[in-house]
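Our numbering numbers the first residue of the sequence shown as 50 and each following residue consecutively.
Built from N, CA and C at the ideal position, the CB exists for glycine as well.
Report on the following structure.
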Amino acid sequence: MTDSPSANAEESKKRPLETPITAEGEMPQKRFYRSRAHCNPLSHNDTFDYPTTPDDMDWNPHFSDGKAPTVLDVGCGFGGLTVALANLLPEEQILGMEIRAKVTEYVRLRIVALRKDHPGKYQNASVMRTNSMKYLPHHCEPASLSKLFFCFPDPHFKRKNHGRRIVSERLLSEYAYLLKEGARLYCITDVLDLHEWHVAKCNMHPLFEKISDEDLKNDPCVATMNTATEESQKVDRAGTSKYYAVYRRIPNSEAP
């Protein structure tokens, strides 16, 4: 025997509703914006708007001065590093890039709330929903970036899925094209195999040079990368290890 429609309607009225609505200017609650941890960046199930060339990109909805980003937090998740870098690097334009729609909306609302609560601050932070593996050159001019962050990316453990990894021979050439000479590329993960992959791929590339631990002592972004992201905090709570490497984009004149 099944319930009648009227009985179902009465029952639904009794159940409390959790409507994931956040007013502009209010800090969003993360529980309303949960999503799968990772997705397939090579899938054709999602569509994205992107400009034909960087000249066609309007940055005014993102930054009050309308200038293009200079620092990218690729796969920014819930935006912990993006907002931390906005304070750490006030002269830079920080853009978080995230492929998941709900998570992107959370970060957008988070930044709006921070701007409201801290007048004059966080104007240099924004977020964009996009597929960074496909569309970065459509958004960014050549030699326009000073820093590029890849924090706790999807390991894609299966060998057949290694082509989905955000650091690869092909993509490193693209990143080198977008980074200024002397700019830095940061990678951090809690998966040793993936860290070794990052190091191997970057070491092989003629336009990247590993920065020594001694030289990194003067880089405040390293400590921030290790503590500000939600994933890094999760690793700390679990008491497991984190592995990172930072590379310099060498000048073309120094390339072999």
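DSSP state of Arg310, grouped into three classes?
One cannot answer for residue 310 here, as it falls past the ends of the chain, which runs 50 to 305.
Where does the unbroken beta strand (DSSP E) through Ala133 begin, and where does it stop?
Counting along the chain, Ala133 falls outside any beta strand (DSSP E), though it belongs to the alpha helix (DSSP H) covering Gly129 to Leu137.
Are the CB atoms of Asn180 and Phe127 within a distance shorter than 9 angstroms?
no
Which class does Ala58 belong to by DSSP, given the choice of helix, strand or coil?
Any answer about Ala58 is weak, because its pLDDT of 44 lies below 50 and its placement is not dependable; what the coordinates show is given next. Ala58 falls in the helix class under three-state DSSP.
Would you kindly check if the distance between the Cβ of His167 and the Cβ of Met177 is under 9 angstroms?
no
Between the C-alpha atoms of Val240 and His247, what's the straight-line distance to the nearest angstrom?
11 angstroms
Roughly how many angstroms separate the alpha carbons of Arg37 and Pro202, rounded to a whole number?
What is shown of the chain runs 50 to 305, which leaves residue 37 out entirely.
Using the Cα positions of Phe199 and Asn210, report the straight-line distance between them to the nearest angstrom.
18 angstroms
So, for Gly115: in the same chain, excluding its five sequence neighbours on each side, which residues have a beta-carbon less than 6 angstroms away from its beta-carbon?
Trp108 and Asn109
Excluding the five sequence neighbours on either side, which residues of its own chain have a C-beta within less than 8 angstroms of the C-beta of Pro305, listed in chain order?
Pro255
CB-CB under 6 angstroms to Val156, same chain, minus the five flanking residues each way: which ones, in chain order?
Gly128, Gly145 and Val176
Find out if the Cβ-Cβ distance for the pair Ala225, Ser195 is shorter than 9 angstroms.
no
Delimiting residues of the alpha helix (DSSP H) encompassing Glu141
Segment: none, Glu141 is in no alpha helix (DSSP H) and carries neither H nor E.
Grab the span of the alpha helix (DSSP H) containing Tyr226 for me, first residue to last.
Glu218 to Leu227
Going by the DSSP bridge assignment, what does Arg286 pair with across the sheet?
DSSP, once it has assigned bridges, lists no residue as partnering Arg286.
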